[in-house]
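Taking it in order: structure first as structure tokens, then the write-up.
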Amino acid sequence: MPLNPLSDNTLMIAVRSGNLDQMGLLFERYNRPLFGFCYRMTGHAPTSEDLVQSVFYRMLKYRHTFTGDGEFRTWMYHVARNVLADHHQQNRQRYDSVDDWASRIGGGTEADEALHRTQEREMVHEALLKLKPDQREILILSRFQELKYEEIARILHTTEGAVKVKVHRAMNELKKVLLEAHEL
Amino acid sequence: MNCDAASERMLDWIDDRLTESERASMLAHLNGCPACRSELRDLERVQQQLGSLPVPEPSAGLRRNFYEQLETFKEEAKPRPVRKFFQTNGFRAAAACLLMAVGIGVGYWLSERSASRQQVDELSEQVRDMRQMMMLSLLENPSATERLRAVSYTRDLNEVNDKVLDALLTTLNNDPNPNVRLVTLEALVQLGSDPRVRQGLVKALGYQDSPLVQVALADAMVRLQEKRSVKPLRRLLRRENLNDLVKTKIEQSIKDLS
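If you're matching them up, the sequences are chains R and D in order.
In this text, residue positions in the first sequence follow full-length UniProt numbering: the first is 1, and each later residue adds one.
In this text, residue positions in the second sequence follow full-length UniProt numbering: the first is 1, and each later residue adds one.
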């Protein structure tokens with residue numbers, strides 16, 4: 001493997017061995033994708049910022065657990081999934097209601113021309129939320145995070161084939177939910 | 001290619017992940033299968049809708065917070081100079097607490113110590129009282145050996161009260177055993193700094209009839225340089241049946257004292 005001085009792994013290994021400033025480069029590289037992941041998972045921007053912050057906090061705190069054997073991205077998403085799981089655990093009562101969640105997305109004060117778009121977004125959000133959490137997660141990872149099936153397989157501790165099948169099923173499930181919503 | 005296989009490949013079609021040959025056979029199937037075309041259209045629409053989900057920009061606060069956090073980690077990771085450590089408020093607070101604890105500890109220890117010292121003092125006082133009582137009662141013991149023992153106890157007494165002094169002087173003047181009287185004399189000479197003892201010893205000169213005690217008394221007078229003893233010593237010289245040896249000793253003593 002060629003050692004690119006600016007590759008994720010090289011940077012993270014530098015962080016691990018005490019050059020903490022290199023985490024800044026990794027932050028610049030991944031704060032948006034991570035924010036996107038958290039935002040799509042939670043639908044709440046301030047919460048997502050807190051979660052991204054937590055992900056980087058944990059990566060700094062547990063920097064010694066990065067072995068360098070796998071991809072940095074895989075490790076990062078492992079950490080992010082743990083952070084999200086903890087968040088979900090803590091907010092189970094608060095955020096479990098779909099109505100609650102959806103009400104935070106739309107802006108009731110939005111202008112009329114934006115209303116349709118907003119409603120459509122709300123519908124997709126709601127549809128995503130109607131999926132089982134693991135289906136939602138695999139859709140977000142595969143459709144938004146620009147991760148290869150191979151990478152997702154490592155993040156979720158499964159095989160590439162299984163990921164492909166799960167994505168396919170999740171996509172069909174989402175389609176079903178959206179079609180039902182349109183018919184209503 | 002059948003419908004199931006086509007369905008499986010639809011996402012890859014959308015994502016443009018198919019190989020050239022897969023693409024060709026997929027296209028062939030779609031051309032002849034309206035159901036799959038419809039399915040693909042729906043899927044594309046879902047994908048489009050998903051893509052329409054906007055993700056807001058993270059606020060500037062995220063970046064600021066991250067770099068603040070990073071600084072904190074860098075601070076923690078730094079091996080801190082010792083002086084800096086001593087200057088931290090945490091250290092100061094800890095030092096203050098420690099000092100206070102030590103202070104309390106020492107105070108407690110001292111009070112404990114003074115308390116135990118007080119106890120020891122009380123105990124040794126009790127022992128002294130007991131020893132005096134024992135001495136006094138032993139002095140009345142018919143056995144000369146016991147009376148000797150009693151007198152020897154006075155050597156351990158730093159202070160002698162009137163009772164003990166009276167008892168010793170009485171023993172010196174009245175004890176039937178000259179050995180006891182000699183030992184008592186020795187004990188009293190030890191206490192020679194006490195004026196009462198000196199006075200008692202001078203008086204005792206008139207009572208002694210044992211030549212040994214007379215000589216020892218004369219010696220004691222010289223040793224204590226007790227001038228007041230000259231008169232009683234002279235009176236002693238005038239006594240009849242005085243041992244010649246004693247006579248010489250006393251004359252010598254009078255000479256030494258005058």
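For each residue, glycine too, the CB sits at the ideal point set by N, CA and C.
All figures in this text were calculated on a predicted structure; none of them were measured in a lab.
Given this structure, state the Cα-to-Cα distance separating residue 239 of chain D from residue 179 of chain D, to the nearest angstrom.
22 angstroms
Check whether residue 54 of chain D and residue 49 of chain R have beta carbons under 7 angstroms apart
no
What's the gap between the Cα of residue 56 of chain R and the Cα of residue 99 of chain D?
41 angstroms
Out of curiosity, what's the CA-to-CA distance linking residue 169 of chain R and residue 9 of chain R?
33 angstroms
According to DSSP, simplified to helix, strand and coil, what is residue 111 of chain D?
helix
CB contact check: residue 66 of chain R to chain D, cutoff 7 angstroms
no
is_contact[residue 49 of chain R, chain D] using C-beta, thresh 7 angstroms:
yes
For residue 130 of chain R and chain D, any beta-carbon pair shorter than 7 angstroms?
no
Would you mind telling me which residues of chain R sit closer than 7 angstroms to residue 65 of chain D, beta carbon to beta carbon, in chain order?
53
Whose C-alpha, out of D/192, D/196, D/22, is nearest the C-alpha of residue 219 of chain D?
D/192
From D/127, D/126, D/226, D/176, pick the residue whose C-alpha is nearest to that of residue 144 of chain D; which is it?
D/176
I want to know whether the region 127-137 of chain R touches the region 162-177 of chain R - three or more CB-CB distances under 8 angstroms.
yes
Is the number of C-beta pairs between the region 16-28 of chain R and the region 59-72 of chain R that are closer than 8 angstroms three or more?
yes
Coarse secondary structure for residue 168 of chain R, derived from DSSP in three states:
helix
Whole angstroms are fine: how far does the CA of residue 44 of chain D sit from the CA of residue 164 of chain R?
17 angstroms
Look at the alpha carbon of residue 30 of chain D and the alpha carbon of residue 39 of chain R, and state the distance between them as a whole number of angstroms.
36 angstroms
Would you call the CB atoms of residue 136 of chain D and residue 167 of chain D closer than 7 angstroms?
yes
Anything in chain D within Cβ reach of residue 136 of chain R, meaning under 8 angstroms, just list it in chain order.
What residue 136 of chain R touches in chain D: nothing, since even the nearest Cβ is about 11 angstroms away.
Alpha-carbon to alpha-carbon, residue 52 of chain D and residue 157 of chain R:
29 angstroms
If you draw a straight line from the alpha carbon of residue 74 of chain D to that of residue 35 of chain R, how long is it in whole angstroms?
24 angstroms
Distance cutoff 7 angstroms, beta carbons only. Does residue 45 of chain R sit that close to anything in chain D?
yes
In the DSSP assignment, the alpha helix (DSSP H) including residue 153 of chain D goes from what residue to what residue?
144-153
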